[in-house]
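Report on the following structure.
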């Protein structure tokens, strides 16, 4: 708050210096008194200017309100001052809200000052210039904190010197006549109430009983923000359905020593008393409300007028009572007045925030409770846990304690505050963790996120923007949280050290880091526990402490200035590394965090790398990515040089592996990571790192279906591995070339490379490599070999190879490899038309992929699952499902298998008797085939094209036969015996339908004779039906 005496230069020019000194001293005393009254602190006297702040050295939960009330009092106090020449004084007051750093004390005694640093004092000074003499102006942040506690007038938006963006400004007119704090702060609409059905039902029951003449009292307790006022507001709204008198008592932290404040304030509002009207008018209104409720004004008006400070000597004789007798008469009158109001219609009385009630009001409340059972009245009292109820055994009293919301209800509330739109999972989880089910925290933190720029709206959801920063504590909650901590000033340091350790901290570690020991530390912790700041689990020295709320922990942490935080984090990590090495060993991310905040980014980055590597080894790729991204963020703060590049290379290689296990091999993020790693490996990498990078680049291009480029890199990889004599990468290079040959359609060469690669695989040496590559090499080679064997006409060997891939992945317990093995099992069974087998493998794969956040595998398996339902689900219903799954698959960046997927979709259009659409999809697949050279399913594409041509009403027989013969020729050229058989069977059926059955039978017989296994398969059964008529194809 910045105060400036209006016209001080002109006044000083007209006054003797000594007189001016006296004027300034009186002005400063008036301002200091008003600041002290609301427990603020005068930071600096600057002649006719005064800088004061609220929130230090003592914090309260309503600092903005205190500052404004102080400012209004200053305006009134200064207006009563005048110069020796009888000139009235006036002051301008500007108030701003924000974070400042408080410096050391300067000076002593009344002139003692504290320096403050930050933009907030400057803003307050700029604001006071905009104020008219004798007024208070505030900035937007302050306005938000006081809600409708005051009547405000907008002064528009102003460009202020030193501030980049224009500042909205308001003038404070007066104290608003809202009946409750809840009304003042929540008048702009209420969030939906959740999970309070039991409490609501009890309140409605007690209200119904009270309306029937059986009065009740309900005491609702719970911590700040838990929803006490919200449930009371819901009851008040429910009560409007029937005639009643609403009585609202609001206790105030500013009036805990002001006798009868909540009761007299309510009477004043009910009577319509206005501060600046005459005593006669006030007395008339008081008498009027008494008479309307059937009371004798002559008996009760004098005593209540005295309580309300309304002069009544002109109308009533003086009250000749002692102070104690007058107090008793006042209490009795208030009880009688309440009973009178409840006599005509039922009364619903709500007393909010009883933890701030004054002692005399508490006595009145007790007297009312004694009368309530005989009245048509319900009294509802809300209070925080620190309020000790003196009415436990009172008749007709019910107690309700409000608990935090469970996770599902918290999620529902976040969804409601966000306008029904979904938030990113990470943001939602952070809100849930930080708010601990406290509705006010949930609402305010969600609003803060919505207004923070962290999110962008996309359809029916919000997406996280890049460059995300931690969620800040809402300004609407900061005062309340800081006030709770500030009440324990003597042990605040212990709370801050605990907060630096984390939401949870151990007694042993705290004792090592803190300067307190033994009984002193125990006493400090006991005080924090008693204040409900932390909870203890176990007995010291093995005890573990947890902050009751994550936001309390954040507040305690943010109370420390940056230098102090850095020192505390350095102490913590030093103790961890020297005294608790097992924690660092098993949880390196903890050491990373403390090194980062302690100002040692190089050590922090290395620990984050280690944490990422550990997580990846557990197949926890999502967690691994989080640690590795943190490491990368810290690395960016290091000075350029070879050491930084080496560290980044290690992190990028690990990131690439984790990204392959979540986003997929061809996701843009995967490509970015591996390309960056390749660049770094060429300048600072070891040969093994260059080989690892080449393996990643090959995989990216292969899954992106850039087949020729993938082949070039695979050859380079194998050549370099042989030059280095690196058996590991020779194995990987052979497998990589095999995959390229498979996609090119060279199945015999592909099988040869897979067999060579598998012969070099050593489970002990190569199994651990799965975490850095994302997948196990044997699983990949055996899965590709399985598909290759099926194409070569060896279905039994294909099944055995796929089972080997799955069993091996399971033996490693490497979840991404298990997931891929399941998806390749589904692919094999789609190829073999084993639909029950597809459903089993794809369903398992989808569940595991979702658990791993492995989008590529999830959407691929979803497509195969849809394909397996051909013949079971009408194709018109199935096609949208297949198309959606395919779109999601390609959205991951993958292009591998796209040609085959389009072929399956085209055949489903055949099922739907829509050959035109099917041929359109075939055309897309042909374009893709030419662009990618992925030709392993080319023969199947021509077969489906032929069948689509034959499906036209006019049966385009010549074109269809040509396509089927082309399918056979391509399959034969590629040694794809299974494709050749399938196309031959379809061609034989065509020939049989046009009188050339013998020709077709001979064709099938020639192909069938080349099989020596898999005779129970669907395709071979179909072939037998051609060779031996009436044979079942089932």
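In the numbering used here, the protein residues as written are 250 to 1283. Heads up, the beta-carbon is just placed ideally off N, CA and C, and yes, glycines get one too.
If I follow the unbroken alpha helix (DSSP H) through residue i, where does it start and stop?
| i | result |
| --- | --- |
| residue 379 | 368–379 |
| residue 324 | 312–328 |
| residue 598 | From DSSP, residue 598 is part of no alpha helix (DSSP H) but of the beta strand (DSSP E) over 596–601. |
| residue 906 | 891–909 |
| residue 1027 | 1026–1040 |
| residue 1209 | 1206–1222 |
| residue 1166 | 1164–1181 |
| residue 878 | 870–884 |
| residue 456 | 446–460 |
| residue 1073 | 1064–1080 |
Excluding sequence positions up to five away, which residues of its chain have a Cβ less than 8 Å from the Cβ of residue i?
| i | result |
| --- | --- |
| residue 270 | none |
| residue 360 | Interpretation of residue 360 is limited by its pLDDT of 48, a score under 50 that renders its predicted location unreliable; no figure is taken from the coordinates. |
| residue 575 | 552, 555, 568 |
| residue 264 | 272, 332, 333, 334 |
Would you mind stating whether residue i and residue j have Cβ atoms separated by less than 8 Å?
| i | j | result |
| --- | --- | --- |
| residue 1290 | residue 345 | The structure shown has nothing for residue 1290, since the chain only spans 250 to 1283. |
| residue 685 | residue 798 | yes |
| residue 627 | residue 497 | no |
| residue 394 | residue 386 | no |
| residue 921 | residue 896 | no |
| residue 903 | residue 866 | no |
| residue 1072 | residue 1106 | yes |
| residue 604 | residue 633 | yes |
| residue 591 | residue 625 | yes |
| residue 1036 | residue 1076 | yes |
| residue 945 | residue 926 | yes |
| residue 759 | residue 778 | no |
| residue 843 | residue 790 | no |
| residue 499 | residue 478 | no |
| residue 316 | residue 298 | no |
| residue 1187 | residue 1198 | no |
Whose C-beta lies closer than 7 Å to the C-beta of residue i among residues of the same chain, with five residues either side of it excluded?
| i | result |
| --- | --- |
| residue 554 | 532, 535, 561 |
| residue 1086 | 1078 |
| residue 883 | 845, 850, 853, 854, 857 |
| residue 433 | The predicted position of residue 433 is uncertain, since its pLDDT is 48 and thus under 50; no value can be drawn from it. |
| residue 1103 | 910, 911, 1065, 1068 |
| residue 930 | 898, 938, 939, 942 |
| residue 617 | 584, 587, 628 |
| residue 437 | With a pLDDT of 47 at residue 437, under the threshold of 50, the modelled position of that residue is not reliable, and no figure is offered here. |
| residue 314 | 395, 398 |
| residue 451 | 647, 649 |
The beta strand (DSSP E) that contains residue i, what's its start and end?
| i | result |
| --- | --- |
| residue 1145 | Here residue 1145 belongs to no beta strand (DSSP E), and DSSP marks it neither H nor E. |
| residue 419 | 416–424 |
| residue 400 | 399–407 |
| residue 704 | 704–707 |
| residue 299 | 298–302 |
| residue 469 | 465–470 |
| residue 711 | 710–713 |
Any idea which residues DSSP pairs residue i with across the strands?
| i | result |
| --- | --- |
| residue 267 | Partner(s): none; residue 267 has no beta bridge. |
| residue 341 | 253, 384 |
| residue 294 | 299 |
| residue 1119 | 1122 |
| residue 331 | 337 |
Leaving aside the five residues before and after residue i along the sequence, list all residues of the same chain whose C-beta is less than 6 Å from its C-beta, in chain order.
| i | result |
| --- | --- |
| residue 1006 | 980, 983, 984, 1030 |
| residue 1189 | 1152, 1228 |
| residue 1285 | Because the chain in this structure spans residues 250 to 1283, residue 1285 falls outside the shown range and cannot be described. |
| residue 357 | At residue 357, the pLDDT of 47 sits below 50, so the modelled position is not reliable; the number obtained from the coordinates is stated separately. Same-chain partners within the cutoff: there are none. |
Entirely within the region 740–801 and at least 4 residues each: give me those alpha helix (DSSP H) ranges in chain order.
-> 741–750, 756–762, 767–779
Any alpha helix (DSSP H) of 4 or more consecutive residues that is wholly inside the region 485–548 = 510–520, 528–541
May I have a chain-ordered list of the beta strand (DSSP E) segments no shorter than 3 residues that lie completely inside the region 618–702?
-> 626–632, 646–650
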